[in-house]
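Each number in the numbering used here comes from the position in the sequence shown (counting from 1) with 149 added on. Don't be surprised by glycine CBs; every beta carbon is placed ideally from N, CA and C.
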Amino acid sequence: MGLLSVAIWLPIAFGVILLALGRSENPGAARWTALVGSVVSFLVTLPLITGFDTGTAAMQFVENLSWIERFNVRYHLGVDGISVWFVLLTAFITVIVVVAAWEVIQERAHQYLGAFLILSGLMIGVFSALDGLLFYVFFEATLIPMYIVIGIWGGPRRVYAAFKFFLYTLLGSLLMLVALTYLYIKSGGSFEILDWHKLPLPLNAQALLFFAFFAAFAVKVPMWPVHTWLPDAHVEAPTGGSVVLAAIMLKLGAYGFLRFSLPIAPDAAHEYAWFIITLSLIAVVYIGLVAMVQQDMKKLVAYSSIAHMGFVTLGFFIFSELGMSGGIVQMISHGFVSGAMFLSIGVLYDRVHSREISAYGGVVNTMPKFAAFALLFSMANCGLPGTAGFIGEWMVILGAVGYNFWIGLLAATAVIFGAAYSLWMYKRVYFGDVTNDHVRELSDINAREFGMLAVLAIAVLAMGLYPKPFTDVMHVSVTELLKHVAVSKLN
Numbered sequence: 150m151g152l153l154s155v156a157i158w159l160p161i162a163f164g165v166i167l168l169a170l171g172r173s174e175n176p177g178a179a180r181w182t183a184l185v186g187s188v189v190s191f192l193v194t195l196p197l198i199t200g201f202d203t204g205t206a207a208m209q210f211v212e213n214l215s216w217i218e219r220f221n222v223r224y225h226l227g228v229d230g231i232s233v234w235f236v237l238l239t240a241f242i243t244v245i246v247v248v249a250a251w252e253v254i255q256e257r258a259h260q261y262l263g264a265f266l267i268l269s270g271l272m273i274g275v276f277s278a279l280d281g282l283l284f285y286v287f288f289e290a291t292l293i294p295m296y297i298v299i300g301i302w303g304g305p306r307r308v309y310a311a312f313k314f315f316l317y318t319l320l321g322s323l324l325m326l327v328a329l330t331y332l333y334i335k336s337g338g339s340f341e342i343l344d345w346h347k348l349p350l351p352l353n354a355q356a357l358l359f360f361a362f363f364a365a366f367a368v369k370v371p372m373w374p375v376h377t378w379l380p381d382a383h384v385e386a387p388t389g390g391s392v393v394l395a396a397i398m399l400k401l402g403a404y405g406f407l408r409f410s411l412p413i414a415p416d417a418a419h420e421y422a423w424f425i426i427t428l429s430l431i432a433v434v435y436i437g438l439v440a441m442v443q444q445d446m447k448k449l450v451a452y453s454s455i456a457h458m459g460f461v462t463l464g465f466f467i468f469s470e471l472g473m474s475g476g477i478v479q480m481i482s483h484g485f486v487s488g489a490m491f492l493s494i495g496v497l498y499d500r501v502h503s504r505e506i507s508a509y510g511g512v513v514n515t516m517p518k519f520a521a522f523a524l525l526f527s528m529a530n531c532g533l534p535g536t537a538g539f540i541g542e543w544m545v546i547l548g549a550v551g552y553n554f555w556i557g558l559l560a561a562t563a564v565i566f567g568a569a570y571s572l573w574m575y576k577r578v579y580f581g582d583v584t585n586d587h588v589r590e591l592s593d594i595n596a597r598e599f600g601m602l603a604v605l606a607i608a609v610l611a612m613g614l615y616p617k618p619f620t621d622v623m624h625v626s627v628t629e630l631l632k633h634v635a636v637s638k639l640n
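Written as structure tokens, this is what we have:
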């Protein structure tokens, strides 16, 4: 069994063990089992980056076995410079989520933690799959654990939020299944994604495929106007659900554009780039304004995520190395920063049981250590230079200015809006005098919370101060993808 298979199936195995053998009356055993499973699963992914050859765009750590022989479906795995960092990010965030739930989840802890471990393996499968049907199975299967997490451990409107999340993402994916079936027939009975990249297609077929994939991936990102499920899902989800949703699951849609939409339908991608750029700018500008008027901290960060992911799709469709690399860097940095923001909100919610900004004020007086971490993460969310949040946005803005000055100018307004809503929230929650007894009685973060936030703080600063390892790994793969997209496939 290769490294990628171990990375996929090890957390799933631990998750199944927790579901099968875990007991509600013994949550301690479930927590330690989940922690061991998540840490070992993360350690397994490290050789993927230490042994990665940055000099080639070819798929590495490849595994290729027959799965459903009659239909030529293969268990084909591999990673390149675009996908390898997301495998590590998924395993890393899973460890953080397990630690975050240590004292918070008291009921059915084994089921909660088992769902996240299974979800981790499925998401790694999405980033590793090189067979179209295998990708679809992993892509759709990720809905089930998250649906359960929101529906069981969520807030008062959890059933509504879970159903809306499931319905939006499932309906979008049905058109992708039609597109995969068409490509299977057109390629002579192959589900190999890399074979589809070479398939010559007329423009009308490319356009239909492009919008079929768009239906699946735009909902997942999510792009405006199919974003309305995300704030509800974030608000009702438990802290761990919000972290995984923002840090990893949104990236599945953006990754789909890179693996399917751009290389399979390059002519259609160029033809309809204006459409994607327009929707991306609406997300960046309009959704940024929407975030500014939110009174619920979780909802504010949820809208912030939509605006930041607008940078990602904008970077992809300006067809420059700076823009595309910036979009990928933004995906990784947003994983760290958004995860940290939701964890910070979770720390407060666990103590006060309110997400309303008006319920706080003067938190820095009673929780100075925590306030310092929250300030760093808020600054990263603004795109402060020296933090992870700056690098990707800066690269995309530079690429956008080279593509069209006015597009670059509109994209740059997001930095202003990001500073406005992030600092406005921080000022009202943390600064000033203590406003009520709930805040006065708060205790500062414990050792578990400090360690969890410190690890994320290190990641945010390390990526912001030295992004070279990230860009070096993806450079050759991004260059090769852009070369491929620049060549017409019209037959």
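Any idea if residue i is buried or exposed, counting beta-carbon neighbours within 10 angstroms, 16 or more meaning buried?
i, result
"Asp586", "exposed"
"Glu542", "buried"
"Ala635", "exposed"
"Asn648", "Because residue 648 is not part of the residues shown, which for the chain are 150 to 640, the question remains open."
"Lys347", "exposed"
"Gly600", "exposed"
"Arg307", "buried"
"Tyr615", "exposed"
"Val327", "exposed"
"Ala365", "buried"
"Ile267", "buried"
"Ile607", "exposed"
"Lys400", "buried"
"Arg408", "buried"
"Thr318", "buried"
"Glu341", "buried"
"Ile217", "exposed"
"Arg223", "buried"
"Pro534", "exposed"
"Gly177", "exposed"
"Val417", "Going by the sequence as given, residue 417 is Ala instead of Val. With 16 or more other Cβ atoms within 10 Å, it is buried."
"Phe424", "exposed"
"Thr101", "As displayed, the chain neither begins before 150 nor continues past 640, which places residue 101 out of reach and without an answer."
Could you give the first and the last residue of the continuous alpha helix (DSSP H) run that contains residue i?
i, result
"Trp234", "Val233 to Ala249"
"Ser482", "Glu470 to Val501"
"Asn530", "Pro517 to Cys531"
"Met601", "Ala596 to Leu614"
"Phe191", "Pro176 to Thr199"
"Val622", "Lys617 to Ala635"
"Phe424", "Ala422 to Met441"
"Gly548", "Ala537 to Tyr552"
"Thr388", "Thr388 to Val393"
"Pro294", "Leu292 to Trp302"
"Ser154", "Leu152 to Leu170"
"Ala258", "Ala258 to Ser277"
"Tyr509", "Careful: Tyr509 lies outside any alpha helix (DSSP H) and carries neither H nor E."
"Asp586", "Asp586 to Arg589"
"Pro380", "Trp378 to Glu385"
"Leu399", "Leu399 to Gly405"
Would residue i pass as a contact of residue j if the rule is Cβ separation under 7 Å?
i, j, result
"Ile556", "Ala563", "no"
"Met480", "Val461", "yes"
"Ile299", "Ala311", "yes"
"Leu153", "Ser232", "no"
"Lys447", "Arg504", "yes"
"Pro160", "Gly186", "yes"
"Phe539", "Gly532", "yes"
"Met441", "Tyr333", "no"
"Thr388", "Gly495", "yes"
"Asn175", "Gly338", "no"
"Ala123", "Ala179", "For residue 123 there is no data in the structure shown, the boundaries of the chain being 150 and 640."
"Met544", "Leu602", "no"
"Ala183", "Val247", "yes"
"Met612", "Ala520", "no"
"His376", "Ile455", "yes"
"Leu430", "Leu558", "no"
"His483", "His457", "yes"
Please list the terminal residues of the continuous beta strand (DSSP E) segment that includes residue i.
i, result
"Gly227", "Val222 to Val228"
"Ile342", "Segment Ile342 to His346 is the alpha helix (DSSP H) holding Ile342; no beta strand (DSSP E) there."
"Leu463", "Looking at the DSSP string, Leu463 is not in any beta strand (DSSP E); the run it does join, the alpha helix (DSSP H), is Met446 to Phe465."
"Leu214", "Gln209 to Ile217"
At least three beta-carbon pairs within less than 8 Å, the segment 580 to 597 to the segment 510 to 521:
yes
Pairs of beta-carbons, one from the segment 366 to 383 and one from the segment 395 to 415, closer than 8 Å: are there three or more?
yes
At which residue ranges does the segment 320 to 375 contain complete alpha helix (DSSP H) runs of 4 or more residues, listed in the order of the chain?
342 to 346 and 352 to 369
Do three or more CB pairs link the segment 409 to 427 to the segment 235 to 244 at distances below 8 Å?
no
Is the segment 473 to 488 close to the segment 613 to 633, with three or more CB pairs under 8 Å?
yes
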